[in-house]
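Residue numbers (my numbering): 11 to 257.
Just so you know, even glycine gets a beta-carbon here, dropped at the ideal spot from N, CA and C.
Below you'll find the structure, written out as structure tokens, and then a few comments.
Spelled out as structure tokens, the structure:
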């Protein structure tokens with residue numbers, strides 16, 4: 011019995027020595043000693059993994075939320091101006107439904123423009139209603155057109171009833187019948203001048219302060235300026251030039 015107990019005790023002591031004490035001593039010796047270095051051969055060196063590339067941040071979309079991708083906005087090109095028609099003559103079109111009347115300007119062809127300019131050049135400048143022969147008596151004196159569109163024309167005057175029967179007015183606007191000479195020129199004033207018969211002499215009176223009538227190269231300064239005409243006097247009213255004849 012005694013020997014059996016001694017055997018068991020010996021086994022326990024050996025187990026404690028080999029199972030606990032010796033391993034602890036080995037661990038302490040390993041911690042105190044130098045770190046073992048294992049040499050690697052050149053061909054046995056482990057290759058390092060490739061460095062990861064930098065990635066753009068990933069937008070985290072929560073589960074269950076629908077993402078809506080907005081379509082790319084394409085800029086609208088600026089509207090181009092409509093081509094101007096070659097012809098620019100005013101012409102009204104028929105009105106469309108619920109639309110205002112549209113006016114298109116068109117320019118006439120060159121041939122028409124030349125014809126219009128020719129018509130303007132050939133249109134008479136003077137307009138004077140002439141009395142029929144024998145109905146009204148003629149007054150002495152006359153005017154000859156020496157410059158302007160009516161070169162060669164001759165103006166004779168008649169006596170009309172009333173206090174102004176021997177007064178003749180000149181201008182761009184219209185006037186009394188038989189007593190007004192209308193001059194279709196933009197350089198002529200609306201009421202430019204007038205002729206007044208005093209006995210047997212004609213007096214020329216200026217009626218335009220800003221565009222005076224010119225006699226023999228001298229302008230009649232001021233409205234109402236008067237000069238007595240003589241044979242051969244040169245009278246300028248804008249672009250129209252007359253020659254006075256006493257008979």
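Where DSSP assigns a beta bridge to residue i, which residues make up the other side?
i           : result
residue 31  : For residue 31, which the question treats as bridged, DSSP gives no partner whatsoever.
residue 247 : 250
residue 157 : 251
With DSSP collapsed to three states, give me the class of residue i.
i           : result
residue 236 : strand
residue 152 : strand
residue 18  : helix
residue 256 : coil
residue 205 : strand
residue 262 : In the structure displayed, the chain extends from 11 to 257; residue 262 sits before or after that span and is not available.
residue 132 : The predicted position of residue 132 is uncertain, since its pLDDT is 47 and thus under 50; a value taken from the coordinates is nonetheless stated next. Of the three classes helix, strand and coil, the one that applies to residue 132 here is helix, per DSSP.
residue 86  : coil
residue 24  : helix
residue 146 : coil
residue 220 : coil
residue 242 : coil
residue 39  : helix
residue 176 : coil
residue 197 : coil
residue 13  : helix
residue 104 : Residue confidence for residue 104 is low, a pLDDT of 45 falling below 50, so the modelled location carries little weight; the figure read from the coordinates is stated next. DSSP places residue 104 in coil when its eight states are reduced to three.
residue 110 : Residue placement at residue 110 is poorly supported in this model, since its pLDDT is 42, which falls under 50; the coordinates still yield a value, given next. It is coil, neither helix nor strand.
Name the residue from the options whose alpha carbon lies nearest to the alpha carbon of residue i.
i           : options               : result
residue 210 : 232, 164, 182 and 152 : 152
residue 155 : 20, 37 and 249        : 249
residue 193 : 208, 14 and 251       : 251
residue 171 : 190, 146 and 231      : 146
residue 240 : 24, 257, 231 and 233  : 257
residue 190 : 205, 198, 246 and 178 : 178
residue 180 : 23, 232, 247 and 174  : 247
residue 254 : 212, 14 and 33        : 212
residue 226 : 164, 245 and 236      : 245
residue 150 : 157, 176, 161 and 163 : 176
residue 167 : 207, 196 and 173      : 207
residue 182 : 221, 200 and 30       : 200
residue 187 : 196, 169 and 198      : 169
Between which two residues does the beta strand (DSSP E) carrying residue i extend?
i           : result
residue 164 : 164-168
residue 215 : 211-216
So is residue i in contact with chain D if we call contact Cβ pairs under 8 Å?
i           : result
residue 228 : Of the chains in the structure shown, none is chain D; there is only one protein chain.
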